[in-house]
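Colleague: Chains as they are written, first to last, in UniProt numbering: chain A, 1 to 256; chain B, 1 to 403.
Below, the structure written as structure tokens:
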């Protein structure tokens, strides 16, 4: 019952926004400023119909999801590896940290011309932009995770005669996992944010970012809103799984 | 706690395995060798104009079809050779006098400020006239507006902006009476149910007619003035030279006609604050708003963020067809496009290009041609390839079939 009440509370603001939106759209009467829900909903409830003669909403969403997952997983692989390395070894951090701090504030969109030059049009450059965006949250959270492992745990492991590798495997990595998990959650959100920028690259002819930009060029604001809703829905579903994972896997946190 | 840690460990390993699988699955599919088709094919890739020389220079595309001065940049920068211009593109010189760019205004702006609308049209036509009166100065003004005064880099060379514009200008026909393009194939490639008939209602004759009267000596009668007029345009394109020339040459235009669009400050080569002057008195502030793509400017027009725009004819017609409450006043230019291929490409004109398209297609490696999306260049390529019996597919959309 409590959960149901929570769900209803969570719905209240979106429903309120939809109602106000609809009233304003009737008042403004300009679909370029605020399209009515009667134009947005048909786009959402016909996900298999081709949009602008191209891919359907479903195909665009699936394509984007594939790209986001590729870029995200690549960021996880490299970010976790480098994060563990830099968190564990001061020497590795001394080498890697300056370049990371230089690159971290550069917005992924600024990499677009270089991405095309280095990875060519198509898959490689798209994944690179998403990777660049989601790498840093994973990397930094992993370093923080390793550093936040309690000294007492390490001391106990050492006292019990564990080797460095054993300490790393059995204490450091598991101890860092909650922070890594938070980093993954943040990174997945950032990956979606980078998607629109990535799908503006040449060689893109499907995807939610592409669809949003194409609809913008055609002045089809209702399609833009539908694309945004889909991104939002995928985001909330993913976040739910991340939160659920956090609750189930790392509930030992704070109990120690 | 140990259980939770173990589960987390297993989960991390699972993520790594899934990631590896996804990457291993996805990578080859993007570099898959294509089957040899029955009918010759080309692939179209969408890109912004500025990136096209880079794409050709790095062999990511085999050709691009875009507007000046990008064409001249590639030609003079040693990136490629121009093998066809607008008039060479089939069918049968169709594109020779087709409006490439247009002056467009929001309908509510025209209704509310008809005389201001006509004055803006008139100063644009005056700018076109000025280009033909003094082409050398028009080249200088456009070069400074688009590129500034310093040399620009293209591939391994530095190019003088003035020399670049000198090369580009002869290929552009600045005109206020070019015919509007018929959007057959772009319309067909879009959803049928969102396009409506646009053939009858996109131009506003009265604004244009009044503009011609004003240029012929009729006195302006301004009953109502807006607090500010917002003009959207693409500052990276020299096809809008009439706008640049009419602003920079405003003193002379005011002397001739008694009205002009003058910059607020004389110090900038690319002013963004202007005033519409009538009989030596400012009647309206004018803001120039640079945009990235014509479609975006057109959307801004529909959103009432922009009143007037100098943009491509195709995005304008497409949006008007889809309900954007705007009207085309007149054309700005015709021509100005070029098909560029690598210097080593085995073709020198349209016919030999088509032979190359066929040879490459039947060898299983269809040519990749870059065009700006929803542009007249895309429409021209689509029509030309259909005329030649060549099938078009969109690059990057293999699993959803040809469009």
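From the three backbone atoms N, C-alpha and C, an ideal C-beta is built for every residue, glycine too.
#1: Compare the Cα-Cα distances from residue 277 of chain B to each of B:116, B:337, B:334, B:64 and report the closest residue.
#2: Is it true that the CB of residue 181 of chain B sits closer than 7 Å to the CB of residue 98 of chain B?
#3: Quick test of your reading: residue 331 of chain B and residue 177 of chain B, contact by CB under 8 Å. State the CB separation rounded to the nearest angstrom.
#4: Would a check of beta-carbon distances place residue 143 of chain A closer than 7 Å to chain B?
#5: Give me, in chain order, the residues of the same chain whose beta-carbon lies closer than 7 Å to that of residue 274 of chain B; leave out the 5 immediate sequence neighbours on both sides.
#6: Name, please, each residue of chain A whose Cβ falls closer than 7 Å to the Cβ of residue 315 of chain B.
#7: Would you mind telling me which residues of chain A sit closer than 9 Å to residue 302 of chain B, beta carbon to beta carbon, in chain order?
#8: Looking at chain B, which residues of the region 112-124 of chain A have a Cβ within less than 9 Å of any of its Cβ atoms?
#9: How about residue 50 of chain B and residue 340 of chain B: are their beta carbons less than 7 Å apart?
#10: Are the beta-carbon atoms of residue 41 of chain B and residue 346 of chain B separated by less than 7 Å?
#11: On the DSSP bridge list, what partners appear for residue 292 of chain B?
#12: Under 9 Å between beta-carbons, which chain A residues line up against residue 157 of chain B? List them in chain order, please.
#13: Using a Cβ distance threshold of 8 Å, determine whether the region 148-163 of chain A contacts the region 105-116 of chain A, with at least three qualifying pairs required.
#14: In terms of residues, what are the limits of the alpha helix (DSSP H) holding residue 333 of chain B?
#15: Which of the residues in the region 363-395 of chain B, read from start to end, lie with their CB under 8 Å from any CB of chain A?
#16: So the alpha helix (DSSP H) residue 95 of chain B belongs to, where does it begin and stop?
#17: Is the CB of residue 263 of chain A under 7 Å away from at least one CB in chain B?
#18: Can you give the Cα-Cα distance for residue 228 of chain B and residue 350 of chain B, rounded to whole angstroms?
#19: Tell me whether the beta-carbon of residue 191 of chain A lies closer than 7 Å to the beta-carbon of residue 71 of chain A.
#20: How far does the alpha helix (DSSP H) with residue 232 of chain B in it extend, from its first residue to its last?
#21: Excluding the five sequence neighbours on either side, which residues of its own chain have a C-beta within less than 7 Å of the C-beta of residue 171 of chain A, listed in chain order?
#22: Taking 6 Å as the limit between beta carbons, can you name the residues of its chain near residue 101 of chain B, skipping five residues before and five after?
#23: Helix, strand or coil for residue 199 of chain A? Go by DSSP, reduced to three states.
#24: Figure out for me which residue from A:15, A:10, A:131, A:104 has the closest Cα to the Cα of residue 77 of chain A.
#25: Is there a C-beta anywhere in chain A that falls below 7 Å from the one on residue 293 of chain B?
#26: Going by DSSP, name the residue or residues bridged to residue 38 of chain B.
#27: Distance check for residue 372 of chain B and residue 236 of chain B, CA to CA, integer angstroms please.
#28: How far does the alpha helix (DSSP H) with residue 234 of chain A in it extend, from its first residue to its last?
#29: At 3 residues or longer, and completely inside the region 331-379 of chain B: list those beta strand (DSSP E) runs for me, N to C.
#30: Answer with yes or no whether the minimum CB distance from residue 47 of chain B to chain A is below 7 Å.
#31: Quick check on the burial criterion: 16 or more other C-beta atoms within 10 angstroms. Buried or exposed for residue 355 of chain B?
#32: Any heavy atom of the ligand SAM closer than 6 Å to the beta-carbon of residue 272 of chain B?
#33: Measure from the C-beta of residue 101 of chain B to each C-beta in chain A and report whether the shortest distance is under 7 Å.
Modeller: Answer, in terms of the structure:
#1: Looking up residue 277 of chain B in the second chain gives position 277. Per the Cα distances, B:116.
#2: The sequence position of residue 98 of chain B within the second chain is 98, counting from 1. The sequence position of residue 181 of chain B within the second chain is 181, counting from 1. Yes, they are a contact pair.
#3: Start at 1 with the first residue of the second chain, and residue 331 of chain B comes out as number 331. Start at 1 with the first residue of the second chain, and residue 177 of chain B comes out as number 177. 7 Å between Cβ atoms; contact.
#4: Position 143 of the first chain, counted from the start, is the residue given in the question as residue 143 of chain A. Not closer than 7 Å to any Cβ of chain B, the Cβ of residue 143 of chain A fails to qualify, so no.
#5: For this step, residue 274 of chain B is matched to residue 274 along the second chain. 247, 261, 262, 263, 264, 286, 288.
#6: Indexing the second chain from 1 puts residue 315 of chain B at position 315. Result: 217.
#7: As a first step, residue 302 of chain B must be located in the second chain, where it is residue number 302. Ordered by position in chain A, the residues that pass the 9 Å Cβ test against residue 302 of chain B are 30, 31, 32, 33, 219, 221.
#8: 112, 113, 116, 117, 120, 121, 122, 123, 124
#9: Numbered from 1 along the second chain, position 50 holds the residue referred to as residue 50 of chain B. Numbered from 1 along the second chain, position 340 holds the residue referred to as residue 340 of chain B. Taking 7 Å as the Cβ cut-off, residue 50 of chain B and residue 340 of chain B do not qualify as a contacting pair.
#10: If you number the second chain from 1, residue 41 of chain B lands on position 41. If you number the second chain from 1, residue 346 of chain B lands on position 346. In this structure, residue 346 of chain B does not lie closer than 7 Å to residue 41 of chain B by Cβ.
#11: As a first step, residue 292 of chain B must be located in the second chain, where it is residue number 292. The partner list for residue 292 of chain B (beta bridge, DSSP) is empty, contrary to what the question assumes.
#12: Numbered from its first residue, the second chain carries residue 157 of chain B at position 157. Correct list: empty, because the minimum Cβ distance to chain A is about 18 Å.
#13: no
#14: On the second chain, position 333 is the one that residue 333 of chain B refers to. Where residue 333 of chain B is concerned, there is no enclosing alpha helix (DSSP H), although the beta strand (DSSP E) it sits in stretches over 326-335.
#15: 370, 373, 374, 394, 395
#16: On the second chain, residue 95 of chain B is found 95 positions in, with the first residue counted as 1. Note, residue 95 of chain B: premise wrong, no alpha helix (DSSP H); not H, not E.
#17: Past the edges of chain A, shown from 1 to 256, lies residue 263 of chain A, and the structure says nothing about it.
#18: One-based indexing of the second chain puts residue 228 of chain B at position 228. One-based indexing of the second chain puts residue 350 of chain B at position 350. When rounded, the distance between both Cα atoms is 47 Å.
#19: The residue given as residue 191 of chain A occupies position 191 in the first chain. The residue given as residue 71 of chain A occupies position 71 in the first chain. It is a contact, given that the beta carbons lie within the stated cut-off.
#20: Taking the second chain and counting its residues from 1, one reaches residue 232 of chain B at position 232. It is not in any alpha helix (DSSP H) - residue 232 of chain B instead sits in the beta strand (DSSP E) that spans 228-233.
#21: Translated into the one-based positions of the first chain, residue 171 of chain A becomes position 171. Here the set comprises 149, 153, 154, 157.
#22: What you label residue 101 of chain B is simply residue 101 of the second chain in a count that begins at 1. 239, 312, 332, 333.
#23: Here the question's residue 199 of chain A lines up with position 199 in the first chain. If DSSP states are grouped into helix, strand and coil, residue 199 of chain A belongs with coil.
#24: Translated into positions along the first chain, residue 77 of chain A becomes position 77. Of the listed residues, the one whose Cα sits closest to residue 77 of chain A is A:131.
#25: Taking the first residue of the second chain as position 1, residue 293 of chain B is located at position 293. Taking Cβ atoms only, chain A reaches closer than 7 Å to residue 293 of chain B, which makes this a yes.
#26: Position 38 of the second chain, counted from the first residue, corresponds to residue 38 of chain B. Per DSSP, none; premise fails for residue 38 of chain B.
#27: Counting from 1 along the second chain, the entry for residue 236 of chain B is found at position 236. Counting from 1 along the second chain, the entry for residue 372 of chain B is found at position 372. Going by the C-alpha atoms only, they are around 14 Å apart.
#28: In the first chain, counting from the first residue as 1, residue 234 of chain A sits at position 234. Unbroken alpha helix (DSSP H) run through residue 234 of chain A: 221-249.
#29: 337-341, 367-371
#30: Residue mapping note: residue 47 of chain B aligns to position 47 of the second chain, counting from 1. Yes, residue 47 of chain B counts as interfacial toward chain A.
#31: Residue numbering aside, residue 355 of chain B sits at position 355 when the second chain is read from its first letter. Exposed is the call here.
#32: Of the ligands one can find in the structure shown there are none, so the ligand SAM has no counterpart to examine.
#33: Sequence index remark: in the second chain, residue 101 of chain B carries index 101 (1-based). Answer no: the Cβ-Cβ gap between residue 101 of chain B and chain A never drops below 7 Å.
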